[in-house]
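Visitor: Respectively, the protein sequence lines represent chains Z and W.
Each step along the first sequence adds one to the number in my numbering, with nothing skipped, and position 416 is 421.
Each step along the second sequence adds one to the number in my numbering, with nothing skipped, and position 90 is 138.
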Amino acid sequence: MAHADTHAHDDHHEHKPSGIGRWLFATNHKDIGTMYLVFALGMFFLGGAMALLIRLELFKPGMQYFDPQFYNSLVTTHALVMIFGAVMPAFVGLANWMIPMQIGAPDMALPRMNNYSFWILPFAFTLLLSSFATAGGGPAGGWTLYPPLSLQGGTSFPLTIFAIHLMGASSIMGAINVIVTIMNMRAPGMTLLKLPLFCWTWLITAYLLIAVMPVLAGAVTMLLTDHFFGTSFFNPAGGGDPVMFQHIFWFFGHPEVYILILPAFGIVSEIIPTFSRKPLFGYDAMVYATASIAFLSFIVWAHHMFTVGMPLAGQMFFMLSTMLIAVPTGVKVFNWTTTMWRGSLSFEPPMLFALAFLFLFTIGGFSGLMLAIAPADFQYQDTYFVVAHFHYVLVPGAVFAIMAGVYFWLPKWTGHMYDMALAKWHFWLSSISVNVLFFPQHFLGLAGMPRRIPDYNTQFTDWNMVSSVGGLVFGVSQLLFVWVIVKCVSSGERATDKVWSDAMPLGLEWTLPSPAPYHSFEDAPEVK
Amino acid sequence: MLNRKFASVLGGLLAAVPAFAYESSYNMPVGVTPISREVHGLHMLIFWVCVAIAVVVFGAMIYSIWKFRKSTGAVADQTLTHSTQVEVVWTVIPVLILISMAIPAAKTLVKMEDTRNAELTVKVIGYQWKWQYDYLGKGVAFFSTLSAESNQARQLDSGVDVTQVKDYLLDVDHPLVVPVDTKVRLLLTGNDVIHSWWVPDFAVKKDAIPGFINEAWFKAEKIGRYTGQCAELCGRDHGFMPIVVQVLSKEAFATWLAAQQEAAKAAAAAAQPAATTAMTTPAPASAAAAL
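#1: Just to make sure I have the definition right: I need the residues of chain Z whose C-beta is within less than 8 Å of the C-beta of W:Val292. Which are they?
#2: Return the CA-CA distance between Z:Met310 and W:Leu281, expressed in angstroms with no decimal places.
#3: Determine which residues share a DSSP beta bridge with W:Lys253 and list them.
#4: Do the region 66-74 of chain Z and the region 196-209 of chain W make contact, defined as three or more Cβ pairs closer than 8 Å?
#5: Return the CA-CA distance between Z:Lys283 and Z:His259, expressed in angstroms with no decimal places.
#6: For W:Ser192, does the three-state DSSP call read helix, strand or coil?
#7: Can you look up W:Asn262 in the DSSP assignment and give me helix, strand or coil?
#8: Is the distance from the Cβ of Z:Asn101 to the Cβ of Z:Ile37 below 8 Å?
#9: Considering only C-alpha positions, which residue in the set W:Met76, W:Val143, W:Val80 is nearest to W:Phe266?
#10: Whole angstroms is fine: what's the gap from Z:Pro510's alpha carbon to Z:Ser495's?
#11: Excluding the five sequence neighbours on either side, which residues of its own chain have a C-beta within less than 8 Å of the C-beta of Z:Gly319, listed in chain order?
#12: Quick one, which of Z:Leu451, Z:Ile407, Z:Pro459 has its alpha-carbon nearest W:Pro248's?
#13: Note down, in chain order, every chain W residue with its Cβ under 7 Å from the Cβ of Z:Gln320.
#14: Go ahead and pull the three-state DSSP assignment for W:Gly238.
#15: With a threshold of 8 Å between beta-carbons, can Z:Thr165 be considered close to chain W, or not?
#16: Under 8 Å between C-beta atoms, does W:Ala63 make it to chain Z?
#17: Distance cutoff 8 Å, beta carbons only. Does W:Tyr216 sit that close to anything in chain Z?
#18: Going by Cα to Cα distance, which pick from Z:Ala54, Z:Gly480, Z:Arg457, Z:Ile490 is closest to W:His286?
#19: Using the beta-carbon of each residue, which ones in chain W are nearer than 8 Å to Z:Ile458?
#20: I'd like to confirm the pairing. Which residues does DSSP put opposite W:Leu296 in its beta bridges?
#21: In angstroms, rounded to a whole number, what distance separates the CA positions of Z:Leu265 and W:Met289?
#22: Identify the continuous beta strand (DSSP E) that holds Z:Ile166 and give its terminal residues.
#23: Taking Z:Arg117 as the reference, which of Z:Phe30, Z:Ala500, Z:His524 has the closest Cα?
#24: Go to Z:Thr343, then tell me how far its alpha helix (DSSP H) extends in each direction, as first and last residue.
#25: By the DSSP assignment, the beta strand (DSSP E) with W:Ile173 in it spans what residues?
#26: State the Cα-Cα distance for the pair Z:Phe323 and Z:Trp430, rounded to the nearest angstrom.
#27: By the 10 Å Cβ neighbour count, where 16 or more other Cβ atoms means buried, how is W:Ile141 classified, buried or exposed?
#28: Quick one, which of Z:Leu301, Z:Glu353, Z:Gly314 has its alpha-carbon nearest Z:Ala331's?
#29: For W:Arg273, list the residues DSSP reports as bridge partners.
#30: Z:Met375 and W:Phe260 look like a contact to me (Cβ under 8 Å); what is the Cβ gap, rounded to whole Å?
#31: Which residues, taken in chain order from the region 247-272 of chain Z, show a beta carbon closer than 8 Å to some beta carbon of chain W?
#32: Fully enclosed by the region 86-159 of chain W, which beta strand (DSSP E) runs are 3 residues long or longer?
#33: Closer than 8 Å by beta-carbon distance: list the chain Z residues that pair up with W:Ser192, in chain order.
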């Protein structure tokens, strides 16, 4: 094979470029993966700092620190930074690192596009954040960009839209790369139904990205032409329809929700079997459940907009289709639980984070089911109940899964074991404080506190204080995460090839040395 | 930890169930309309269904974590990798649970959308950042803005202790006044951006969208003062455009309406030389007296 021929030349050198050029012109999946992960971590702290400012203002009633407009721009950019800057790039970073190693490939299929897709991101976020320095401040219409409000934005408006275009282009390139890699570069014998679940969930996520990112691009382009070129897509005075934007936005937005959670499902599906010392229960069902969730994600979008005044039949349809999502999601939770059943469990940091994911994501699932009930949703919509719901699925859901993945694979990346005791401190502090932070928000929402308000009636004081204290502890705990990683990169006990040799790590990545070689599999392994 | 969470939710609910739950700081209010009671019932039904599922699922997880610890010498059963039977069971049972929840939800939804036979219609217009109420066919219309006291207190560095402000951020100059036991239909629209009119005690939340007229209705069955807030981000002062609804006895409402109409006529007569439409009527002192 052509592959084997070129391989002869590569013997004994890793061709690892040095200096700044190694990163600027990176085409290696590990270098690009590292850049994605470091970028995501930086954005996680930036978005987290914004969240802490929000919690600071909300600590007690009365306006203490910020102008309401600045508060609104914190709310808006916190969301954009966390979604497009932290969670999505972290998943792409993990995909870059792990997909070639899990399918027995030397690298990603399209290395130069991989470079572009990463290097677009710093420019996108520079555009977005530079808007804070312009007259009128940052974007303040919410990350959902609903017109007509978003059209009232000043200089921040076009900056935000161009930033979103760039983020979308980056995501689409990343997604194409994942699909091409998984479809073409699997080791001989690795049929699709032998693919590790992290690759499966990412493959499906990549299709979702390609399907919906252009929809978002279309929606924001229409906003742009409405604002600058006199079109009236969303302007009722010109015959347009502001609700149409919401339909288009959520047609992107709901699949986007699964883009943020499906790779997390994949990571958890790798970790729970490893530390239960037992293969994943119902592998096929997991794949089909993931595909069903992806399919359903396209037909539930209007549950984000029950209050816009849809026809009764529309509300019925979206209520029922949304409730259906509970079925495949339930299958996944049951399968993870049964994987542990009659297993032999140990509780290393990745397993702890995966277990916290299992419990706390399920709580987010319950509140999601409650939100699906349209008549009750009229009471929940746009309150802190919704804020609690989506933070439960995104923080102890997606973010905990990312941390679980980092703790799972970090020794494979660095060749060192990390400080287990410190990682466990990080786990306990995070998982307790995240509940102190978000659980009271359920009460606030039910008691009547709307979201996206900088000040509130005194009846909401107690739970806001509790939530802010939880937020501070959670934020500070994340410094431990950085410390564990920095220590592990520079020093630590040597990791074995299997890393978790005491447990049952199953994937091809554990057959490589630790740290993994620069070009993962130069010879394709045989998969039985 | 989780059990304690549920216990605290439960505690809140038990405190909330008797009488009027809108004082609760834990749970959705039961409210004062037939629909709000149904919605609260649905909310509690699905909450308890979730609690029941949680007991089973979390129970199984906690049992597994405890029982199958490696440290106690548990040996993994490598053969337990799939079972078509249990997979069918845990697909079918959730479907049945969902159907049983969808039926009452659909019934309530149908009632919420039935705006026929309203006895009073009020047009609600959202502005940045206030509400306008127009009693259609009655010749009464007025703006409703955040009370001066709250507005002063909420300014940055106002120096006012907001805990001493009465109904801080939930008080307006001119509340929406409606009669008790009367089906009131709302026609909602927005003047500039999208707003959302929400009063939890009525279980009404409907967006006020420029270029659209949305419908909602409520029938308050208890005299009193009910508050809510704009629920759709509408710009800088989104947090400062509350809703206050004063529910009066039918007689008191008639008196209030007549006084409003008098005042509107007087204002129109005074404004006649200018020949402009006086949309906004000053709230007469008699309105406050009637409350």
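Glycine included, every Cβ here is placed at the ideal spot set by N, Cα and C.
A quick note: this is a predicted structure, and the numbers were derived from the prediction, not measured.
Guide: The answer reads as follows:
#1: Those do not exist, as W:Val292 stays about 12 Å from chain Z at its closest Cβ, beyond 8 Å.
#2: Their backbone Cα atoms lie some 13 Å apart in a straight line.
#3: DSSP lists W:Trp246 as partners of W:Lys253.
#4: By the Cβ test, the region 66-74 of chain Z is in contact with the region 196-209 of chain W, since at least three Cβ pairs between them sit closer than 8 Å.
#5: So the alpha carbons of these two residues sit roughly 34 Å apart.
#6: In the structure shown, W:Ser192 adopts extended strand secondary structure according to DSSP, grouped into three states.
#7: Note: W:Asn262 maps to strand in three-state DSSP.
#8: In contact: Z:Asn101 and Z:Ile37 (Cβ atoms closer than 8 Å).
#9: Per the Cα distances, W:Val80.
#10: Cα to Cα, Z:Pro510 sits roughly 24 Å from Z:Ser495.
#11: Hits under 8 Å: Ala307.
#12: Comparing Cα positions, the closest option is Z:Leu451.
#13: Listed along chain W are Leu157, each with a C-beta nearer than 7 Å to that of Z:Gln320.
#14: In this structure, W:Gly238 counts as strand in the three-state DSSP scheme.
#15: Residue contact check for Z:Thr165 against chain W: no CB pair falls below 8 Å.
#16: Caution applies to W:Ala63, whose pLDDT of 45 falls short of 50 and renders its modelled position unreliable; the model cannot decide the point.
#17: With 8 Å as the cut-off, W:Tyr216 counts as an interface residue toward chain Z.
#18: Measuring from the Cα of W:His286, the nearest candidate turns out to be Z:Arg457.
#19: Correct list: Gln277, His286, Gly287.
#20: According to DSSP, W:Leu296 bridges with W:Pro227.
#21: Taken atom to atom, the span from the alpha-carbon of Z:Leu265 to that of W:Met289 is near 34 Å.
#22: That residue, Z:Ile166, is in no beta strand (DSSP E); its alpha helix (DSSP H) goes 161-189.
#23: Checking every option, the nearest Cα to that of Z:Arg117 belongs to Z:Phe30.
#24: Unbroken alpha helix (DSSP H) run through Z:Thr343: 331-345.
#25: Under the DSSP assignment, W:Ile173 falls in the beta strand (DSSP E) whose first and last residues are 168-175.
#26: Whole-angstrom Cα-Cα distance: 42 Å.
#27: With a 10 Å radius around the Cβ and a threshold of 16 neighbouring Cβ atoms, W:Ile141 comes out exposed.
#28: Nearest to Z:Ala331 by alpha-carbon distance, out of Z:Leu301, Z:Glu353, Z:Gly314, is Z:Leu301.
#29: According to DSSP, which records beta bridges pairwise, W:Arg273 is partnered with W:Gln294.
#30: Contact flag wrong, Cβ pair sits at about 27 Å.
#31: Closer than 8 Å at the C-beta level to chain W, one finds these residues of the region 247-272 of chain Z: Pro247, Val248.
#32: Runs of the beta strand (DSSP E) inside the region 86-159 of chain W: none found.
#33: Within chain Z, no residue comes near W:Ser192; the closest Cβ sits about 17 Å away, beyond 8 Å.
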